[in-house]
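Residues in the sequence shown are numbered from 1 upward in steps of one, following full-length UniProt numbering.
All C-beta atoms in this analysis are idealised placements derived from N, C-alpha and C, irrespective of residue type, glycine included.
Right, one structure below, let's go through it.
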Amino acid sequence: MEFRNIKLAEPREYFEAYQELKNVNGTNYQDQPTIIDLQKATPNPKYQPLHRRQRKSRSTAKVQAWKDVPENCILSQHDGYPLTDPCVYYTPRGQGVGVTVYIVDYAFAIHHKDFKHISWGSSKDHIFADDKDKLPSSFQFRNKRFLPNDVDEETLLLLRGTGVLSRLLGKKFGVARGVKPILVKTSDRFSSLQPENDHIFNAFTKVLLDIKKKSAKIDVSSRKAPKFIVLMATDYRFERLPGRPFQPYVKRLGQLIQEVSEMPNVAVVTSDDNQYSMAKAPAPGEYSQLRPINSYPALFGRERETFPNLVVVGGTHPGDGGLMSPYEDFIRVSAPSVNITVAVPDGGKSWGGKRYSRANSNPLAAAAITGVLATLISAKEYTISEAIERLYDLAYPRRRESAAKGDSRVFPKVVYNGFSLLIEEPQGVGGGAPAPATVTVTVTVYQGCQIMRREVTRESLGKGIGMATRTITLCEREAEGMPETTYVAASSVTIPITIPTTTPSHPELEYTDKYDAAFCEQCLSSNGEVPISGILWIPKDCPCRDGGRRL
Numbered sequence: 001m002e003f004r005n006i007k008l009a010e011p012r013e014y015f016e017a018y019q020e021l022k023n024v025n026g027t028n029y030q031d032q033p034t035i036i037d038l039q040k041a042t043p044n045p046k047y048q049p050l051h052r053r054q055r056k057s058r059s060t061a062k063v064q065a066w067k068d069v070p071e072n073c074i075l076s077q078h079d080g081y082p083l084t085d086p087c088v089y090y091t092p093r094g095q096g097v098g099v100t101v102y103i104v105d106y107a108f109a110i111h112h113k114d115f116k117h118i119s120w121g122s123s124k125d126h127i128f129a130d131d132k133d134k135l136p137s138s139f140q141f142r143n144k145r146f147l148p149n150d151v152d153e154e155t156l157l158l159l160r161g162t163g164v165l166s167r168l169l170g171k172k173f174g175v176a177r178g179v180k181p182i183l184v185k186t187s188d189r190f191s192s193l194q195p196e197n198d199h200i201f202n203a204f205t206k207v208l209l210d211i212k213k214k215s216a217k218i219d220v221s222s223r224k225a226p227k228f229i230v231l232m233a234t235d236y237r238f239e240r241l242p243g244r245p246f247q248p249y250v251k252r253l254g255q256l257i258q259e260v261s262e263m264p265n266v267a268v269v270t271s272d273d274n275q276y277s278m279a280k281a282p283a284p285g286e287y288s289q290l291r292p293i294n295s296y297p298a299l300f301g302r303e304r305e306t307f308p309n310l311v312v313v314g315g316t317h318p319g320d321g322g323l324m325s326p327y328e329d330f331i332r333v334s335a336p337s338v339n340i341t342v343a344v345p346d347g348g349k350s351w352g353g354k355r356y357s358r359a360n361s362n363p364l365a366a367a368a369i370t371g372v373l374a375t376l377i378s379a380k381e382y383t384i385s386e387a388i389e390r391l392y393d394l395a396y397p398r399r400r401e402s403a404a405k406g407d408s409r410v411f412p413k414v415v416y417n418g419f420s421l422l423i424e425e426p427q428g429v430g431g432g433a434p435a436p437a438t439v440t441v442t443v444t445v446y447q448g449c450q451i452m453r454r455e456v457t458r459e460s461l462g463k464g465i466g467m468a469t470r471t472i473t474l475c476e477r478e479a480e481g482m483p484e485t486t487y488v489a490a491s492s493v494t495i496p497i498t499i500p501t502t503t504p505s506h507p508e509l510e511y512t513d514k515y516d517a518a519f520c521e522q523c524l525s526s527n528g529e530v531p532i533s534g535i536l537w538i539p540k541d542c543p544c545r546d547g548g549r550r551l
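Okay, structure coming up:
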């Protein structure tokens, strides 16, 4: 891609960062991430909230652009913009550092190469439902009774915990590689998938006690309190227990979830219908059945006041954003849940491996939401409640096409992390409202096109209002103008850049037209404030012979 006659507004550092990002096509971003420094865009510190002046986040300063898979890039896709090609996933460099995540599932292949960057510590650093259980040895990856790739209906769910870990913090495609994981293994020491339901109560009680121990002697409502997220990949249908009344089980689990979700420094993330499949995913549009939620703890989401920090997640298709999971109105955020690239153990009860494959499971969506939530907490110094509310505010449907007649598909709100360099800091979040500051980076591209006019509109970006300048161009190959948009938002960390929608390779053309002195005068008189035929002209772009742009 060749760029010519590039005109740049200050500060120049951001243009250089943009150029670096543009020139890395074909580079492995995992090995050589592009770092864009946001700290340089910070306005006068006196306008920042008090807590931001006192202690800057370890991960706020830099944003990484990773060449990644579409199901990740969707998470940082700004509303109204298509995925870039190659697909780029924007995330703060810290990626959830400082946030502890409890991952609740049956088994985890912790010696897979996707987790080589993780220090697992010892068995006492994790939670096991079976007191005789422990972390698998790094020298004995496999249970000898199960051969590699021996995966059947009984052992298939053993792969889910590994997939959830991979989606959350895996080195290759993890959403938040910087979180601290604590494994919560709810099966017995032989990883039998026929455990008594008492195992979840035993394990979750240990989770509650561990959080209370780590939060002791600290004001859990303060910003300095340690932050925890409990990611529940398991779900339970107690009414299916043969010959047993299920209400006591529901009540007992509800009491545990309620006590955890009421703690100001803890969030609980879960989903419904948590099966695991490695079969071919449905194509976009194939799935349209709307099903109600029917398992716990997801059903507790109906009682928002009783479970304040419980986040119930929906699953969507990464292709068209259509619903792929059970759904009810209280679900306020979703994420891709099918055709997700994750780590796969060697098979059976193996604790190691090198393979990756596509998988389908709603807990993979919950893992992505957990990663985004941890990233917001780490990068923005949010409290748990602020981060959850921000998570809900940023989410928007990914549907792009209009609904056809008879189309009954559901397109729920999909999570957006707000780090695609085109989003502004929300006003009033985190203890104070920062005064607006404008950072403008304008990259204008001329390549076989003649700029005809610009129209300026005010558009909503997050909770604030930004100004979008739409440049209409005319090219030899096109019968109508092609827009390029630059966002200039009132923000303390905004890095707006112009992303051209096309880059024709024709030589520059010369256009002539009859000069209209009256229109020139009218254009200059409007001073960029009064629209002319629906177009707000910037004075420097008025078609004047002196000081303007000649058409």
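| task | Report all residues from its chain with a CB closer than 8 angstroms to the CB of HIS199; omit the five preceding and five following residues, and keep chain order. | result | Numbered from 1 along the sequence shown, position 199 holds the residue referred to as residue 199. Excluding sequence positions up to five before and after HIS199, its CB lies within less than 8 angstroms of the CB of ALA129, ASP130, THR186, SER187, ASP188, all in the same chain and listed in chain order.
| query | What's the gap between the Cα of SER76 and the Cα of LEU524? | reply | By one-based count along the sequence shown, residue 76 stands at place 76. By one-based count along the sequence shown, residue 524 stands at place 524. About 39 angstroms.
| Nearest-angstrom Cα distance between GLU305 and PRO318? | One-based indexing of the sequence shown puts residue 305 at position 305. One-based indexing of the sequence shown puts residue 318 at position 318. One C-alpha to the other measures close to 32 angstroms.
| message | On the DSSP letters alone, give me the boundaries of the alpha helix (DSSP H) that ASP393 sits inside. | response | Position 393 of the sequence shown, counted from the first residue, corresponds to residue 393. Residues 384–394.
| task | Can you tell me which of the three DSSP states LEU156 falls into? | result | Working through the sequence shown from its first residue, we reach residue 156 at position 156. LEU156 falls in the coil class under three-state DSSP.
| message | Report the CB separation of VAL269 from THR370 in whole angstroms; it is logged as a contact under 8 angstroms. | response | If you number the sequence shown from 1, residue 269 lands on position 269. If you number the sequence shown from 1, residue 370 lands on position 370. A Cβ-Cβ distance of about 5 angstroms is found for the pair VAL269 and THR370, placing them in contact under the 8 angstroms criterion.
| said: Classify CYS542: buried if its beta carbon has 16 or more other beta carbons within 10 angstroms, exposed otherwise. | reply: Taking the sequence shown and counting its residues from 1, one reaches residue 542 at position 542. CYS542 counts as buried, since no fewer than 16 other beta carbons sit within 10 angstroms of its beta carbon.
| field | Closest residue to SER295 among TYR236, ASN527, TYR392 (Cα-Cα distance) | value | To locate residue 295, count along the sequence shown from 1; it is residue 295. The shortest C-alpha separation from SER295 is found at TYR236.
| task | Indicate whether ARG160 and LEU169 have their beta-carbon atoms separated by less than 7 angstroms. | result | Taking the sequence shown and counting its residues from 1, one reaches residue 160 at position 160. Taking the sequence shown and counting its residues from 1, one reaches residue 169 at position 169. Taking 7 angstroms as the cut-off, the Cβ atoms of ARG160 and LEU169 do not count as close.
| query | Out of curiosity, what's the CA-to-CA distance linking PRO148 and GLU381? | reply | Here residue 148 is taken as the residue at index 148 of the sequence shown, counted from 1. Here residue 381 is taken as the residue at index 381 of the sequence shown, counted from 1. With a pLDDT of only 41 at PRO148, under the threshold of 50, the placement of this residue in the model should not be trusted, and no figure is reported.
| Environment of ALA279 [buried if 16+ CB atoms lie within 10 Å] | Here residue 279 is taken as the residue at index 279 of the sequence shown, counted from 1. Classification of ALA279: exposed, given that the 10 Å Cβ count is below 16.
| query | Can you list, in chain order, the residues of its chain whose CB lies under 7 angstroms from that of ILE257, leaving out five sequence neighbours each side? | reply | Position 257 of the sequence shown holds residue 257. Closer than 7 angstroms at the Cβ level, and outside the excluded window around ILE257, lie VAL268, PRO297, PHE300, PHE307, LEU310.
| The alpha helix (DSSP H) with ILE257 in it runs from where to where? | For the purposes of this step, residue 257 is taken as residue 257 along the sequence shown, with counting starting at 1. Boundaries of the alpha helix (DSSP H) harbouring ILE257: 247–261, taken from the DSSP string.
| Three-pair Cβ contact test at 8 angstroms for the region 97–117 versus the region 220–238 | Yes, they touch.
| message | Quick check on DSSP: helix, strand or coil for THR162? | response | Indexing the sequence shown from 1 puts residue 162 at position 162. Helix, per DSSP.
| Residue(s) in a DSSP beta bridge with GLY352 | Residue numbering aside, residue 352 sits at position 352 when the sequence shown is read from its first letter. Bridge pairing for GLY352: HIS111 [DSSP].
| request: In angstroms with no decimal places, state the Cα-to-Cα distance between PRO336 and ILE538. | output: For this step, residue 336 is matched to residue 336 along the sequence shown. For this step, residue 538 is matched to residue 538 along the sequence shown. Approximately 41 angstroms between the Cα atoms of the pair.
| field | Any alpha helix (DSSP H) of 4 or more consecutive residues that is wholly inside the region 166–250 | value | You should have 198–214.
| request: Please work out which residues of its chain come closer than 7 angstroms, Cβ to Cβ, to ARG252, disregarding the five sequence neighbours upstream and downstream, and give them in chain order. | output: Taking the first residue of the sequence shown as position 1, residue 252 is located at position 252. Closer than 7 angstroms at the Cβ level, and outside the excluded window around ARG252, lie PHE201.
| Does DSSP put GLY315 in a helix, a strand or coil? | Residue 315 sits at position 315 when you count from the first residue of the sequence shown. DSSP places GLY315 in strand when its eight states are reduced to three.
| task | With distances taken Cα to Cα, identify the nearest neighbour of ARG223 among ALA387, PHE519, ARG398, ARG545. | result | As a working note, residue 223 is residue 223 in the sequence shown. ALA387 is the residue among ALA387, PHE519, ARG398, ARG545 whose C-alpha sits nearest the C-alpha of ARG223.
| request: Over the uninterrupted beta strand (DSSP E) stretch that includes THR306, give me the two end residues. | output: On the sequence shown, residue 306 is found 306 positions in, with the first residue counted as 1. Segment: none, THR306 is in no beta strand (DSSP E) and carries neither H nor E.
| message | Please state whether the Cβ-Cβ distance between PHE419 and THR91 is less than 7 angstroms. | response | In the sequence shown, counting from the first residue as 1, residue 419 sits at position 419. In the sequence shown, counting from the first residue as 1, residue 91 sits at position 91. Contact annotation: PHE419 and THR91 have beta-carbon atoms nearer than 7 angstroms.
| query | Can the beta-carbon of LEU373 be found less than 7 angstroms from the beta-carbon of LEU391? | reply | Counted from its first residue, the sequence shown places residue 373 at position 373. Counted from its first residue, the sequence shown places residue 391 at position 391. Result yes, Cβ atoms of LEU373 and LEU391 sit closer than 7 angstroms.
| Spatial neighbours of SER261 in its chain, beta-carbon cut-off 8 angstroms, leaving aside the 5 residues before and after | Translated into the one-based positions of the sequence shown, residue 261 becomes position 261. Short of 8 angstroms from the beta carbon of SER261, and not among the five residues preceding or following it, lie these beta carbons of its own chain, in chain order: ALA267, VAL268, PHE307, PRO308, ASN309, LEU310.
| Reduced DSSP category for ALA281 - H, G, I as helix; E, B as strand; rest coil | Taking the first residue of the sequence shown as 1, we reach residue 281 at position 281. In this structure, ALA281 counts as coil in the three-state DSSP scheme.
| field | Reference residue 558, options SER526, ILE532, ARG545, closest by Cα | value | The question about residue 558 has no answer, for the chain in this structure spans 1 to 551.
| field | Local Cβ density within 10 Å of THR457, reported as buried at 16 or more and exposed below that | value | Locating residue 457 in the sequence shown gives position 457, where the first residue counts as 1. Only weak support exists for where THR457 lies, its pLDDT of 48 falling under 50; the coordinates are left without a value.
| query | Within the 7 angstroms Cβ cut-off, does GLY174 reach chain D? | reply | The displayed structure is made up of one protein chain only, and chain D is not part of it.
| said: So for ASN417, helix, strand or coil by DSSP? | reply: Position 417 of the sequence shown, counted from the first residue, corresponds to residue 417. Coil.
| Any idea if residue 562 is buried or exposed, counting beta-carbon neighbours within 10 angstroms, 16 or more meaning buried? | Residue 562 lies beyond the stretch modelled for the chain, which goes from 1 to 551, so this question has no answer here.
| said: Please state whether the Cβ-Cβ distance between residue 558 and ILE331 is less than 7 angstroms. | reply: Absent from the structure is residue 558, since the part of the chain shown begins at 1 and ends at 551.
| request: Could you check what DSSP says for LEU290 in three-state terms: helix, strand or coil? | output: Locating residue 290 in the sequence shown gives position 290, counting from the first residue. Three-state result, LEU290: coil.
| query | Given ALA225, which residues of its chain have a CB within under 7 angstroms of its CB, disregarding the five upstream and five downstream residues? | reply | Taking the first residue of the sequence shown as position 1, residue 225 is located at position 225. Cβ-Cβ distances below 7 angstroms link ALA225 to SER215, ILE218, ASP219, ASN265 in the same chain, with the five nearest sequence neighbours on each side left out; the list follows chain order.
| field | Option nearest ARG302 by Cα separation, candidates PRO284, SER271, SER277 | value | Residue mapping note: residue 302 aligns to position 302 of the sequence shown, counting from 1. Of the listed residues, the one whose Cα sits closest to ARG302 is SER271.
| field | Anticipated Cβ contact below 8 angstroms, SER334 with PRO282, distance rounded | value | The residue you call residue 334 lines up with position 334 of the sequence shown. The residue you call residue 282 lines up with position 282 of the sequence shown. Not confirmed; about 16 angstroms, so no contact.
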